[in-house]
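Chains A and B are the protein sequences, given in the same order. Just add 1070 to wherever you are in the first sequence, counting from 1, and you've got the numbering used here. Just add 514 to wherever you are in the second sequence, counting from 1, and you've got the numbering used here. Note that CB positions come from ideal geometry on N, CA and C, so glycine has one too.
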Amino acid sequence: RPTMMNAFELISTSQGLNLGTLFEK
Amino acid sequence: MGCYISKRSKKLPGYEDPTVLAAETPFTVSEVEALYELFKKLSSSIINDELIHKEEFQLALFRNSNKRNLFADRIFDLFDLKRNGVIEFGEFVRSLGVFHPNAPQADKISFAFRLYDLRHTGYIEREELKEMVLALLHESDLTISDDFVETIVDKTFSDADSKGDGRIDPEEWKDFVARNPALLKNMTLPYLKDITLAFPSFIMNSEAEDSE
């Protein structure tokens, strides 16, 4: 049975939370 | 750009002594100086005033200064410790310190909680969680039925809200994150360990002897 997706896990994929982008040249 | 310009710009308001910032964060003095190079780049992308404006933050994150995003707004607001609408250098370093691989886990847990507590009530409420899920779906151009969104939110809430009072408090959040460590993945930026390699030009501008 597939595990139900955790809502916070879904949210944490937001591009707005990916601060690694700040370090890209 | 030569050293004269760099040293003069360090006297601008908002600049803070790297040794003070290094003492308060997981960064070394050299790393704070390297972060200053990144800060200068971000804070001059639209208005060259050594302050990161919301549009500059959006430009760095999305390559688009007009792209509104709920989560980017929340991050910006949390970085803006003085709540004056801009991110100063000291605020930038102190806030990024939480994302350092060596920062205390408790700081990351607390930052993520404040991030998701959209209305600053001290709790993550069901409505807030649903709003964030809908924002993520909108951002990703995903279409999921409202019934399924309700199901995801209900399931998450039943897992996280162990006291069953309809809201997630900081203690429940801490327990929930301990059971789901993947939730803190984006609270750590491996780049911060190599920041002096990413922005080596700080060496040319360094004023302080490194403490390490």
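For residue 652/B, the uninterrupted alpha helix (DSSP H) segment begins and ends at 640-653. Linking residue 677/B to residue 579/B through their CA atoms gives a straight-line distance of about 42 Å.
For residue 567/B, DSSP records a beta bridge to 600/B.
With a threshold of 16 other beta carbon atoms within 10 Å, residue 641/B falls short and is exposed. Within chain A, the residues 1090 and 1093 have their CB atoms less than 8 Å from the CB of residue 705/B, given in chain order.
Closest by C-alpha distance to residue 1084/A, out of 619/B, 616/B, 625/B and 584/B, is 584/B.
Closer than 8 Å to the CB of residue 578/B there is not a single CB belonging to chain A. Fewer than three beta-carbon pairs drawn from the stretch 547-560 of chain B and the stretch 614-632 of chain B are found closer than 8 Å, and the two stretches are therefore not classed as touching. Out of 603/B, 556/B and 571/B, the CA that lies nearest to the CA of residue 528/B is found in 603/B.
Counting only residues of its own chain and dropping the five nearest sequence neighbours on each side, residue 593/B has a CB closer than 6 Å to the CB of 601, 605 and 609. Contact annotation: residue 682/B and residue 638/B have beta-carbon atoms nearer than 8 Å. Within the stretch 670-686 of chain B, the residues whose Cβ lies closer than 7 Å to any Cβ of chain A are, in chain order, 670. Against chain A, the CB of residue 589/B has a partner CB under 8 Å away; the residue lies at that interface.
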